[in-house]
Amino acid sequence: MKIAINIGTAVFPNPVTVASGTFGHAEEFYGQEEVKKLGALVPKTVTLNAQQGNPPKRICETPAGMINAIGIENPGIDRFIDVKLPRLKAAGVPLIISISAHSEDDFVLMVEKLNEAGGLSAIELNLSCPNLQKKELVAQSAEATSGVVRRVKNVSHYPVIAKLSPNVTDITAIALAAEEAGADGLSMVNTFMAMAIDIRKRRSRIGNFTGGLSGPAIRPIAVRMVCETAARVKIPIIGMGGITNADDALEFLIAGASMVAVGTYNFVDPRAPLTVLEGIKAYMRAHRMTDIRELIGSIER
Amino acid sequence: MKNIQGVYKVAGLTRVNDIYYRLALEAPELARLVKPGQFIHIKVSAGLEPLFRRPFSVYRAVGGKVEIFFEPVGKGSRLLAGCKKGDLLDVLGPLGRPFSLPSRDVRQVVFIAGGVGVAPFMLFSDQIVKHKAAKVLLYGGRSKAHTFPLNEFKKNAVKAFVATDDGSAGVPGRVSELFGRIDIAPTTFIYACGPRPMLAAVAAFAREKGLKGEASMEEVMACGLGACLGCSIPTSQGYQTVCHDGPVFDLQDLVFP
Ligand SMILES: Cc1cc2nc3c(=O)[nH]c(=O)nc-3n(C[C@H](O)[C@H](O)[C@H](O)COP(=O)(O)OP(=O)(O)OC[C@H]3O[C@@H](n4cnc5c(N)ncnc54)[C@H](O)[C@@H]3O)c2cc1C
Ligand SMILES: Cc1cc2nc3c(=O)[nH]c(=O)nc-3n(C[C@H](O)[C@H](O)[C@H](O)COP(=O)(O)O)c2cc1C
Ligand code: FES
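Protein sequences appear in the order of chains A and B.
Here this note's numbering is used: the first residue of the first sequence is 111, the next is one more, and so on.
Here this note's numbering is used: the first residue of the second sequence is 306, the next is one more, and so on.
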């Protein structure tokens, strides 16, 4: 059964990975052999300088989902490379390192540091960061997205994956801009801007006032976005948004995603990615498929 | 998985009184491993509602069974109150940093608990029955009905003092009314668990009197494993996760904004 996936020059042994920010401390609760079963590991987004994150409450539960405003708490790229990266490399799984920055120059600086560090399979650009001097996010502007991707592609030794925000009118326009600028793949989607209110206190239930919605609640929208985008771009897509089991993941693959990532549901069942992988294989066997490409984008249009 | 995920059979659900329940799980390995102050993260629903697991302190771990002590206050805890003997529950644990055991030179162990926060101290007192220190429990609850487990503490040679909001048992008022029972000495060690305002009062008292101690904190949790950074609280060391760096913190490290 052929289930390996290529993104640019990177090869992933299988199509199941984890969403950035949802799988820290993996080495502590997965056995070594279990981690190796993942198609790739994607740690939490790293920024140039350390960020302490937002004040509590950082999360709240919503119907079949959650809102988070963590604030990209991370140790900064230098400490990440010195302390965390060696441990991640030791896991023996392809690494997709997620980065975010406040300017194109900072993105480039971080990529140069990662070039030097070595041992990565790909870089994921978390473009849900402010577009300088504008109220929008980079991922909300085709022009800004294209600008960052182009600059990063110029220097990166690794394939580059652009992670898109769903908080846009037409996600295919942003996807096409990223592809044109040279992106090797797309990751979609990030969280949906949302809020929940404590009616007793008449306060937001999130310390940061608003946050990002994730989990099963967003899945149908994410599947639609992946399906629309896959019809228009040639580069592979890592699909995510509310995946809890193999059936959910299969929706994304059939819609046109080449890989899938489990995010929020890792918090409920840390083994979910492994169950998803087994389920995809079982589905392929049941449908007499020998190559995952028979599955990807197989939706009847 | 390094022994932290298991599906366990409910060995029994006991309605303790109008307010509290005890739920026992058949989980010998868990019972052997768990340390006082650690919690288990229970998947309370087979579906997506509620989505997150719920953390519960381990109340007792004897005879291969792990017990929790809880009050149904919302969606998750009400589902647990509806469990039946023989039901299966998916559990992660034991998780989090436990209380440190009192060192040999400690002469007075002071447990300070508010409401259901008394839960970890049952296990704790079970495990330190042989320690020579005097043990006291200062317990604050809403009413007499909240004071049930205290006779169990007596069996472990823990002297309990009670304060209730409505004065229906013990001293009327908050648990801070009982702070006079604490020996102001370097050989005293405080362990606290309960609502945040209570912990703030304990931390302030300890600071003022130069007493050492630890407190177990509560925050809304998703993963319980330190993966989401959702349960972080401010400490003197910056933000720390309640589930992984805690739930037990040194009193002097806590920050109450
Ligand atoms: C480390 C740790 C250990 C814990 N140990 C225990 C324990 O031993 N026993 C126990 O009963 N609970 C314990 N809790 C709390 C428990 O995990 C749940 O938060 C609690 O049972 C409420 O969950 P729910 O789904 O029933 O309520 P939800 O549906 O999540 O909330 C319903 C309402 O109840 C309120 N609420 C939430 N928690 C509490 C609370 N603790 N007291 C009063 N109101 C509340 C909420 O603000 C909300 O308005 C612990 C929490 C932590 C972090
Ligand atoms: C607690 C939390 C933290 C997250 N942190 C990041 C992050 O650091 N970088 C990023 O690109 N996406 C982050 N995400 C978004 C996820 O990677 C994913 O895109 C999104 O949650 C949708 O997938 P899901 O519904 O399966 O969670 C985070 C999501 C959650 C719930
Ligand atoms: S609940 Fe996820 S880090 Fe604590």
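C-beta: ideal position from N, C-alpha, C; glycine also.
Here the structure is a predicted model, which is why all the values come from computation and not from measurement.
Check, Outcome
"Proximal residues of chain B, C-beta to C-beta of A/R246 below 8 angstroms", "Going by the sequence as given, residue 246 of chain A is Glu instead of Arg. Neighbours of A/E246 on chain B: none; closest Cβ ~26 angstroms, over 8 angstroms."
"DSSP-derived helix/strand/coil call for B/M306", "Reliability of the predicted coordinates at B/M306 is poor, the pLDDT of 44 falling under 50, and no value is obtained from them."
"Through-space distance from B/G342 to B/S521, alpha-carbon basis", "7 angstroms"
"Reference B/R512, options B/G485, B/C528, B/I309, B/D558, closest by Cα", "B/D558"
"Chain-order list of residues whose beta-carbon lies under 7 angstroms from that of A/Y393 (same chain, five-residue window excluded)", "A356, L360"
"Bridge partners - B/E372, DSSP secondary structure assignment", "B/A329, B/R365"
"Proximal residues to B/V367 (C-beta, below 8 angstroms), its chain only, five neighbours per side dropped", "A336, D431"
"Neighbourhood of A/A203 by C-beta, 7 angstroms cutoff - its chain only, sequence neighbours within 5 removed", "It should be noted that the sequence gives Val, not Ala, for residue 203 of chain A. Only V145, K146, L148, A150, L151 meet the Cβ criterion."
"Local conformation of B/T452 per DSSP, three classes", "helix"
"Inter-stretch contact at 8 angstroms, needing at least 3 Cβ pairs: the stretch 235-254 of chain A / the stretch 278-289 of chain A", "yes"
"Near-chain A residues of the stretch 329-363 of chain B (beta-carbon distance less than 8 angstroms), N- to C-terminal order", "K348, L353, E354, P355, L356, F357, R358"
"DSSP three-state assignment for A/I307, whether helix, strand or coil", "strand"
"Nearest-angstrom Cβ-Cβ length linking B/L400 and B/Q310, presumed shorter than 8 angstroms", "Their Cβ separation, rounded to whole angstroms, is 11 angstroms, which puts B/L400 and B/Q310 out of contact at 8 angstroms."
"As assigned by DSSP and simplified to three states, the class of B/L335", "helix"
"Check whether A/A160 and A/P185 have beta carbons under 8 angstroms apart", "yes"
"Closer than 8 angstroms to chain A by CB, B/A508", "no"
"Backbone secondary structure at A/P326 - three-state DSSP", "helix"
"B/C548 Cβ short of 7 angstroms to ligand 3 heavy atom set", "yes"
"Any chain A beta carbon closer than 8 angstroms to B/M306", "Per-residue confidence for B/M306 stands at a pLDDT of 44, beneath the threshold of 50, marking its modelled position as unreliable; no derived number is given."
"A/I233 Cβ short of 7 angstroms to ligand 2 heavy atom set", "no"
"Of the listed residues A/G373, A/V218, A/V336, A/I177, nearest to A/M303 (C-alpha basis)", "A/I177"
"Assigned secondary structure, B/A532 (DSSP; H/G/I helix, E/B strand, else coil)", "coil"
"Neighbour-count burial assignment, B/S541, 16 or more Cβ in a 10 Å radius", "exposed"
"Contact with chain A by B/I324, beta-carbon distance below 8 angstroms", "no"
"Local Cβ density within 10 Å of B/I489, reported as buried at 16 or more and exposed below that", "exposed"
"Burial state of B/G391 (16 or more Cβ within 10 Å)", "exposed"
"CB contact flag (A/P123, A/I207, <8 angstroms)", "no"
"Assigned secondary structure, B/R512 (DSSP; H/G/I helix, E/B strand, else coil)", "helix"
"Boundaries (first-last residue) of the alpha helix (DSSP H) holding B/S430", "424-432"
"B/E519 - DSSP class collapsed to helix/strand/coil", "strand"
"Beta-carbon proximity list for B/I373, same chain, < 6 angstroms, skipping 5 on both sides", "L328, F361, Y364"
"Min CB distance B/V553 to chain A below 8 angstroms", "no"
"Of the listed residues B/M526, B/M503, B/F494, B/F426, nearest to B/E482 (C-alpha basis)", "B/M503"
"Every unbroken alpha helix (DSSP H) inside the stretch 320-366 of chain A [4 residues or more]", "329-340, 356-365"
"Near-chain A residues of the stretch 530-542 of chain B - C-beta to any C-beta below 8 angstroms", "L530, G531, A532, C533, L534, G535, C536, S537, I538, P539"
"Beta carbon proximity, B/Y544 to chain A, threshold 8 angstroms", "yes"
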